[in-house]
Amino acid sequence: MCVITIHYTDGAFGYFPSYTLGAMYAAQYMAVMKKTVDVDGAILSGDLSPIFTWLSDNIWSKGSLLTTDELVKQATGETLNAAHFKAHLISRYL
1150 MCVITIHYTD
1160 GAFGYFPSYT
1170 LGAMYAAQYM
1180 AVMKKTVDVD
1190 GAILSGDLSP
1200 IFTWLSDNIW
1210 SKGSLLTTDE
1220 LVKQATGETL
1230 NAAHFKAHLI
1240 SRYL
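Numbered per the numbering used here, the sequence shown spans residues 1150 to 1243.
Following this line, the structure appears as structure tokens:
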């Protein structure tokens, strides 16, 4: 038997959808962050503090205070929206 992923060793066969969900949330957070933060400039300069500040103010400081749905709505102004992930995939791969 060939083990394809480490998750199979502990019986977590349905784990892959969580990777896609994480990528969807990340794309949505990035799309909204780019409206107020010069993300590309921060990365190019090596000064990631504006990115960390946005993440701290909008994501990290919420800890376990909000549900995932509440957090994405509060941070981005909308519920999880696949359009952001689709736009990311198009801009990256097409």
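Where is the CB? At the ideal position from N, CA and C, for every residue including glycine.
Alpha helix (DSSP H) segment containing residue i, residue limits
{"i": "ASN1207", "result": "1198–1207"}
{"i": "GLY1190", "result": "1188–1194"}
{"i": "TYR1244", "result": "With the chain running from 1150 to 1243 in the structure shown, residue 1244 is simply not present."}
{"i": "GLU1227", "result": "No alpha helix (DSSP H) holds GLU1227; DSSP gives it neither H nor E."}
Sub-8 Å separation of residue i and residue j beta-carbons
{"i": "TRP1209", "j": "VAL1186", "result": "no"}
{"i": "THR1225", "j": "TYR1178", "result": "yes"}
{"i": "HIS1237", "j": "ALA1191", "result": "no"}
{"i": "LEU1229", "j": "GLN1223", "result": "no"}
{"i": "LYS1211", "j": "LEU1220", "result": "yes"}
Rounded distance between the beta-carbons of residue j and residue i, thought under 8 Å
{"i": "PHE1234", "j": "MET1173", "result": "4 Å"}
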